[in-house]
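Below is one structure, written out as structure tokens; the observations come after it.
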Amino acid sequence: MYTLFRFKFTALTVATLLGAVACTSHPSANNAKNTNNEINKKMLMQATIIDFDGNNIPDFVSASKNSTLSLSPERYIMGNKSLKWDWQAGSTVTIHHPIKQVPDSVASKIWGRKATQVLSFWIYNESPVDDYMIVDLGRGLGPSGSPDTGIKVKMNFSGWRAIGVSLQNDLEGREIEGLGISENEAGESGARNTIASGAKSDMDDIRFKAPLKAPSGTFYIDRIMLSIDDARYQWSDDQVKTRLHVPKIDFRLPKKLPPPTAGELAATDGIRDALVRVFIQVNTDENGLVIVDNYEKLRSAFAALRIKRNAEGKLSGRHIITDKQKVLYQPEFMSAVDKQRFDDYVYLADYATLMFNISRLYQVSTVPAQRQALVDMYILMTQHLLDQGFVDGSALVTTHHWGYSSRWWYISAMMMSDELEKHHLRQQVADALLWYSREFKANFDMRPGSESSDLDYFNTLSRQHLALLMLEPDPAKRIALLKRFGEYINVALSQIPPGSRDGLRPDGTAWRHEGNYPGYSFPAFKNASQLVYMLQGTPFEVRKEGRAALKKAMVSAWIYSNPATSMGLAGRHPFNSSSVKLFQDSFRWLALAGNPQTGEKVDKDLAAIYLQITKTPEHESEALFGQTIKPASLPQGNWTFNGGAFGIHRFSDKMVTLKAYNSNVWSSEIYYANNRYGRYQSHGAVQVLPYGSQKEIGFTQDGWDWNRNPGTTTIHLPLAELDSPNPHTLMLRGDQPFSGHSSLAGKYGMFAFKFDAPSMPKFDSSFTARKTALETENRLVLLGSNISNSTTKYPTETTLFQHGITDKAHALWVNGERITAFPYQRTLGEGDWLIDGHGTGYLLTLGAKGEVRRQHQVSANDKTRKPTEADISVAWLSHGEKPQNAEYEYLMVLEATPGRMQQLANDYRAGKKPYEVLRKDNVAHIVRDNVTKTIGYTAFSAVTPADGVVKSIPQPAIIMAQSRGDKELIVSGVTPDLNMTRTTAATPVPISVTLHGQWQASVPNPQVSVRAAGGTTELTFSSYFGIPQEIILKYQP
């Protein structure tokens, strides 16, 4: 006999796997032995799967005398049959199968992420039982043998449930009742009533014991599996307790609520109607949604699910799984037999999309018979989904990243709420959706806090949250929840989250994954603005603070998009950059919600941007906004976004993104199968992006040399060396906070990148560089110094440009010659110039050695590593192998012409430059634009300049100054240091600079103090979140 330890978990004692992983019920490569005792990745990662799809019950399955086993096609998960177990109280079924265990340390090492070995299985219960089924693991168990360890499963449910526990972390130890003998240090014997047991390395049985509190019943068991899974995702639920508890959502509504007013009830009806209208009008650009409005296609898609109810009312159909649940199976390593069965599964995202399309057509159809057929399909799909275990209290092992799979289930349920009510399913569906939303408890609780501004919530589930609240049948509760929702959305948008939490930042950046991330923020803007629009004018509206913060973030996104963002802002998708067109309608919705600053009913700024993005002429604006509004022009000028360590300089239709990274801002996001060669994405990148399609202008990854991102200084490595040293995620940060950008007068800018390579595999830790750029009008002066490393096998380079050769990015110009020849190569020197296929000019100065090519390049895909190739134009400056304090200097000219470039080259040779470099070393880069009389000072450390109006800068900073005649000066100051940690909020940093002469504020700025004395003036800038502060000064004789 044995009992469970109550509330006590014991870690497994396991043996390192040297031979085969546990055998499956199908022939498998796992049966091979590794005679060299080396861990074979496929052997470890391939799941051991037992299903019951054969013609006979496997011979390794046995049952006690009070059990009856059969194979049943009535219910199944994998294949078309399951093991039907007709049981009596306390009877057992035993699976006699070796349980070869993999320690978490080994699993983590071989997979490259924190991993654990998981035992999982599916079980169907016909009738709820208020008792537990005991699952034992042991050696030679049979019906009554003493187990080593196990779990208990609460059987108070009907339908399918998935049970999944970590072998090393979740199993409950057993106690064997009887006499236990032990000796103390003195050799004296002692006795106790039980002996503590635990998991053993040679366990070979899994035994299921039926509940004791019911005389009999029927269970169906299917897909018993031993596999490697992410250690974060074995969640507790109402059936089984694991070490990972995800709390339920708590709306915290008072027991007594005020009765709703007629106005509130009308407002809720209006919001529901608005939601329905929005989703009837939705298009295929909606987060990858594929709209199907053809009735016959919907019927065909429904039929492919094979959902049916037999004469006894039993449901069956293809198994449904979320995209992230597939990880438990490790499909990449599955045996061919298992993979064939696995491929019959249906992804919830596709299933829910079909539910949405059915509900959408139901809303617009006017054919009674068709409408009824749509209802019948929808109700049967809902019943099947619930029967599959997607119900309140069922974790299904895990449902992380829930929103991506389920978002259209919420919307379809709201659109079909009346039909669900008729079939007594509305509350059950609402409860299920509320349960699975617990992953976003911080949002769905609607309790403001540090996690309230989650961009993935806005991206995937914010509108679904509203739809879920609309499913609440009690009007008083629904209205109370909607009021709380509007208040919560206001806080979520307006607050500045602490540390690196998700949310909108004061400089206009929008953070996800601890950094500015358009791939997440752009879809979030779309949904947030839609919510604001639908709630506007109701008792639940979002206040002006939230609308103002959203406006700033959206306008900022328009500024750093053209219409797509540059590679430096693309996250883990370098050639799938987010486009402002993705959320173009958001500008219209937010404009119609009113101007949060002035209170006007239409925000003309946002309306004008909408017209520009959509190319809508002025004469059509009145129909959209109720007044005539002129479309905005493309942004012109200079902006700083140190929340992302980047700056934007715009001239004509060209956008220049200057991108760095530091200890607060990561360089790039590299995943297991994304952006494998993205190391140099923010390596002092300077990318010129003309307005239009990136593909048409040659920014595609086919043939792309990942070592030569525009503007970067890099060691040109073979792809195998450039590939990330981490098999999974790498989001590299610097070891110091100083790299970023500053602006002056909204026109001019300075970029700074202080680079010291990290100490990690595949990196040369001796690699250093100091890089800056001064941006004025259509010119950028780009400087590099202290470029050093110890790599002797591969050259160090600074890339001028790289782009594919297309119809819109074709010919080059080199020293007055139009180049269309292919292939083409030439070495360039000081005073030479060239123009790339986008019309950007480059004048090489200061002893430069440049190379320009039009060539065929072979590279590799950033996801699959498979070869890619294309014809490419590229140019770079060569610093040679193992450079020591190498440097560069060149002038970039936007909208260049051969005549203009030749004149600049002639002037340079004659000693006349449009700029002057005053200092360039590891302490400071100081450069003056002679045309605009603007000086940029990048102080990598404290510096006392020899020239210019600035006398001293006592700390790292970027200072810019422009003389406006003899007696007026405008000065800006900033540090890119955000002065924050991953958990604490950013705080202001004082930046001091001393000027020659006595000056006083002409236009005061409360963030800049001015103190003149003794022939000098000390300015102190309050630098908050890397936002430049500036002041206009007048000379005081």
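Residues -32 to -1, 1 to 1005, numbered by mature numbering (1 follows the signal peptide of the UniProt record, and there is no 0), are exactly what the sequence shown covers, in order.
Even glycine gets a Cβ: it sits at the ideal position worked out from N, Cα and C.
Going by the DSSP bridge assignment, what does residue 1002 pair with across the sheet?
The partner list for residue 1002 (beta bridge, DSSP) reads 936, 968.
Thinking C-beta only, is residue 118 closer than 7 angstroms to residue 104?
yes
Give the range of the alpha helix (DSSP H) segment to which residue 427 is assigned.
423 to 428
Classify residue 809 as buried or exposed, calling it buried when 16 or more other Cβ atoms lie within 10 Å of its own Cβ.
buried
Residue 986 versus residue 246: straight-line alpha-carbon distance, rounded:
56 angstroms
I need the straight-line Cα distance from residue 843 to residue 458, nearest angstrom please.
The alpha-carbon atoms of residue 843 and residue 458 are separated by roughly 49 angstroms.
7 angstroms CB neighbourhood of residue 437 in its chain, flanking five on each side removed
446, 449, 450, 453
For residue 463 and residue 129, what's the separation of their Cα atoms in angstroms?
One C-alpha to the other measures close to 40 angstroms.
Is the Cβ-Cβ distance between residue 426 and residue 492 less than 7 angstroms?
yes
Do three or more CB pairs link the segment 624 to 637 to the segment 719 to 730 at distances below 8 angstroms?
Yes, the segment 624 to 637 touches the segment 719 to 730.
Could you give the distance in angstroms between the alpha-carbon of residue 477 and the alpha-carbon of residue 522?
9 angstroms
Can you tell me which of the three DSSP states residue 1006 falls into?
Nothing about residue 1006 can be reported from this structure: the residues present for the chain run from -32 to 1005 only.
Inspect the CB distances between the segment 824 to 840 and the segment 868 to 877 and report whether three or more fall short of 8 angstroms.
no
Quick check on residue 221: buried or exposed, where buried means 16 or more other Cβ atoms within 10 Å of its Cβ?
exposed
Quick one: grab the DSSP three-state call for residue 201.
coil
Do residue 497 and residue 421 have their C-beta atoms closer together than 7 angstroms?
no
Between residue 580 and residue 634, what straight-line distance do the alpha-carbon atoms span, to the nearest angstrom?
32 angstroms
To the nearest whole angstrom, what separates the beta carbons of residue 525 and residue 486, a pair I think is in contact under 8 angstroms?
With a contact defined as Cβ atoms closer than 8 angstroms, residue 525 and residue 486 qualify at about 7 angstroms.
Kindly give me the distance between the Cβ atoms of residue 225 and residue 444, rounded to whole angstroms, as I take these residues to be in contact under 8 angstroms.
4 angstroms
So, for residue 227: in the same chain, excluding its five sequence neighbours on each side, which residues have a beta-carbon less than 7 angstroms away from its beta-carbon?
444
Do the CB positions of residue 52 and residue 21 come within less than 7 angstroms of each other?
no
Tell me which same chain residues have a C-beta within less than 7 angstroms of the C-beta of residue 598, skipping the five on either side of it?
Hits under 7 angstroms: 576, 586.
When burial is assigned at 16 or more other CB atoms within 10 Å of the CB, is residue 728 buried or exposed?
exposed
Helix or strand or just coil, what does DSSP make of residue 339?
helix
Residue 167 by DSSP, collapsed to three states: which one?
coil
Report the residue from 999, 349, 781, 820 whose alpha carbon sits nearest the alpha carbon of residue 271.
Residue 349 holds the alpha-carbon nearest to the alpha-carbon of residue 271 among 999, 349, 781, 820.
Distance, Cα to Cα, residue 403 vs residue 394?
14 angstroms
Reduced DSSP category for residue 351 - H, G, I as helix; E, B as strand; rest coil:
Residue 351 falls in the helix class under three-state DSSP.
Reference residue 483; option with closest CA among 905, 56, 700
For the residues 905, 56, 700, the minimum Cα distance to residue 483 belongs to 700.
The alpha helix (DSSP H) spanning residue 619 covers which residue range?
Note, residue 619: premise wrong, no alpha helix (DSSP H); beta strand (DSSP E) at 614 to 619.
Suppose the cutoff is 8 angstroms on Cβ atoms and the five residues either side in sequence are ignored; what does the same chain contact list for residue 694 look like?
Only residues of its own chain outside the window of five on either side were considered, and among them 80, 638 have a CB closer than 8 angstroms to the CB of residue 694, listed in chain order.
Consult DSSP for residue 770 and reduce its assignment to one of helix, strand or coil.
strand
Can you tell me whether residue 484 is helix, strand or coil according to DSSP?
strand
Can you give the Cα-Cα distance for residue 389 and residue 283, rounded to whole angstroms?
20 angstroms
At least three beta-carbon pairs within less than 8 angstroms, the segment 758 to 766 to the segment 778 to 788
no
Alpha helix (DSSP H) segment containing residue 454, residue limits
443 to 462
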